[in-house]
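Please read the structure below before turning to the comments.
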Amino acid sequence: MQVKLNLVAVAALIAAGTASAQEVVVKIGHVGPTSGAIAHLGKDNENGARMAIDELNAKGVMIGGKKAKFELLAEDDGADPKQGTAAAQKLVDSKVNGVVGHLNSGTTIPASKIYFDAGIPQISPSATNPKYTRQGYKTAFRVVADDTQLGGTLGRYAVKELKGKTFAVIDDRTAYGQGVAEEFSKAVKASGGSIAEQQFTNDKATDFTAILTAIKAKKPDVVFFGGMDAVAGPMLRQMKQLGISAKFMGGDGICSGELPKLAAGSMADDQVVCAEAGGVDPKDAAATKAMDDFRAKFKAKFNADVQIYAPYVYDSVMVMAESMVKAGSADPAKYLPALAKASYKGVTGNISFDEKGDIKNGALTLYTYKGGNKSSMGVVR
0 MQVKLNLVAV AALIAAGTAS AQEVVVKIGH VGPTSGAIAH LGKDNENGAR MAIDELNAKG
60 VMIGGKKAKF ELLAEDDGAD PKQGTAAAQK LVDSKVNGVV GHLNSGTTIP ASKIYFDAGI
120 PQISPSATNP KYTRQGYKTA FRVVADDTQL GGTLGRYAVK ELKGKTFAVI DDRTAYGQGV
180 AEEFSKAVKA SGGSIAEQQF TNDKATDFTA ILTAIKAKKP DVVFFGGMDA VAGPMLRQMK
240 QLGISAKFMG GDGICSGELP KLAAGSMADD QVVCAEAGGV DPKDAAATKA MDDFRAKFKA
300 KFNADVQIYA PYVYDSVMVM AESMVKAGSA DPAKYLPALA KASYKGVTGN ISFDEKGDIK
360 NGALTLYTYK GGNKSSMGVV R
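Each step along the sequence shown adds one to the number in numbering that gives the first Met the number 0, with nothing skipped, and position 3 is 2.
Structure representation (structure tokens):
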């Protein structure tokens, strides 16, 4: 009886070993700020990754003749560069096959060296500072347009379409905020506008009375803020209290569904104009349907609306997985060349990269807010 039981146990172990030999575990790291002032954006990103991982596992993706089991290793960087590099090292030590993240340029840039040194591909779904892909790291990619395009487009639009003549520019001194504000200022000057006032704050500030009082004295047509929605909301409230009715502009950091809540009813219709890297042309019916379907599935799964970047995170995971399938391997060194040559049709549009790792022909969508709701003004490239 004992022998028979042992034989059964051995047979079970052999079967389990055979099953595991036919399966490859693929670890995808995700890093974003899931704590702190912009945790709502970090969670949005993480949910985008989770949705992609769940769908890949449901499909039964095969890599090199073996069934792939995808696992998400999610880390919180708190939008802090030191925490970001610690999270990156943790993922490297965990031997992840690839990383999607980070959210902020200020955390993405220092972390990118850690991934490069380890040879691990990294796709940022949202970091827009040009420096990220200009360090010569062949492991660094991004799926959104950078600040040169984003800030420049907003600057030209402010002068040519909004007919602004005098501008006040504020930035939060982060890599992202400073970068997008500089590009905005350059484009304003090149288009014939003038920067009447330049002010600085930080990404934790809540009181802007002094800088807004200085700005009010210059009577600008437009106030531009380089930073995130958690700071932009209180800034809009204080602008209203001080009687500043200028247009308010910013990049994708302020362009969230949360901004009206953060501004607590102080935004006038059409007062805010922002740009989001990426976007689907409403004339493209198939692309619009793909994005609408994604938003509906996301809402059903997480009981939350997409904030900004979740679709870009989702596409980043998917293009990484497709590259592994094409290469027949989840080994970073083996699938990295396939990722560099990727041509993938995602929910955010076509994804292929230039020699720096930047997305080719990246789109931008201009938005305003009406009745507390975000409203598209059109897609530009």
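Note that CB positions come from ideal geometry on N, CA and C, so glycine has one too.
With the cut-off set at 7 Å, would you say L72 and K26 are in Cβ contact?
Yes, they are a contact pair.
Alpha-carbon spacing of V378 relative to I108, whole angstroms
One C-alpha to the other measures close to 28 Å.
Taking the straight line between their C-alpha atoms, what separation do you get for M238 and A229?
The alpha-carbon separation between M238 and A229 amounts to approximately 15 Å.
The beta strand (DSSP E) spanning H39 covers which residue range?
Segment 38–58 is the alpha helix (DSSP H) holding H39; no beta strand (DSSP E) there.
Taking 8 Å as the cut-off, does the segment 80–100 touch the segment 215–231 (at least 3 CB pairs, one atom from each stretch)?
Taking 8 Å as the limit for Cβ pairs, the verdict is that the segment 80–100 does not touch the segment 215–231.
Do you know offhand how far F166's Cα is from G242's?
The alpha-carbon atoms of F166 and G242 are separated by roughly 16 Å.
Whole angstroms are fine: how far does the CA of L153 sit from the CA of S244?
So the two alpha carbons sit approximately 19 Å from each other.
Cβ separation of V187 and V158, assumed to be a contact under 8 Å, to the nearest whole Å
Rounded, the Cβ-Cβ distance is 6 Å, consistent with contact.
Can you tell me the Cα-Cα spacing of L161 and L335, whole angstroms?
For the pair L161 and L335, the Cα-to-Cα distance works out to about 44 Å.
If the criterion is Cβ atoms closer than 7 Å, does the pair A362 and G278 meet it?
Contact check for A362 against G278 passes: the beta carbons are separated by less than 7 Å.
Where the beta strand (DSSP E) through T364 begins and ends
Where T364 is concerned, the enclosing beta strand (DSSP E) stretches over 363–369.
By the 10 Å Cβ neighbour count, where 16 or more other Cβ atoms means buried, how is M385 classified, buried or exposed?
Outside the shown range of the chain, which is 0 to 380, sits residue 385, and nothing can be said about it.
For Q306 and S328, the rounded distance between their alpha carbons:
Going by the C-alpha atoms only, they are around 33 Å apart.
I'd like to check one pair, G118 with V30: are the Cβ atoms closer than 7 Å?
It is not a contact, given that the beta carbons lie outside the stated cut-off.
Quick check on the burial criterion: 16 or more other C-beta atoms within 10 angstroms. Buried or exposed for G83?
Buried, since its Cβ has 16 or more Cβ neighbours within 10 Å.
Start and end residues, beta strand (DSSP E) containing A67:
Element bounds for A67: 65–75.
Hey, how far is the Cα of N44 from the Cα of G356?
The straight-line gap separating the alpha-carbon atoms of N44 and G356 is approximately 20 Å.
Taking Cβ positions, are N46 and A267 nearer each other than 7 Å?
Using a Cβ distance threshold of 7 Å, N46 and A267 do not count as a contacting pair.
Coil, strand or helix - F352 by DSSP:
Three-state DSSP puts F352 in a strand.
Of all the options Y311, V346, K359, P281, which has the alpha carbon lying nearest to the alpha carbon of A48?
Ranking Y311, V346, K359, P281 by Cα distance to A48 puts Y311 first.
Contact set for I62: own chain, Cβ-Cβ below 8 Å, skip 5 residues either direction:
Counting only residues of its own chain and dropping the five nearest sequence neighbours on each side, I62 has a CB closer than 8 Å to the CB of V23, V25, M323, V324, G327, S328, A329.
Just the Cα atoms here: how many angstroms apart are Q148 and G64?
The C-alpha of G64 is placed about 42 Å away from the C-alpha of Q148.
Three Cβ pairs or more, each shorter than 8 Å: is that satisfied between the segment 334–351 and the segment 284–291?
Counting Cβ pairs under 8 Å, three or more are found: they touch.
Would you call the segment 126–138 and the segment 164–178 touching, i.e. three or more CB-CB distances under 8 Å?
Verdict: yes, contact present.
So for D170, helix, strand or coil by DSSP?
Of the three classes helix, strand and coil, the one that applies to D170 here is strand, per DSSP.
Range of the contiguous beta strand (DSSP E) that encloses M376:
First-last of the beta strand (DSSP E) with M376: 372–379.
Measure the alpha-carbon distance for V271 versus G150 and round it to whole angstroms.
Between V271 and G150, the C-alpha separation is close to 15 Å.
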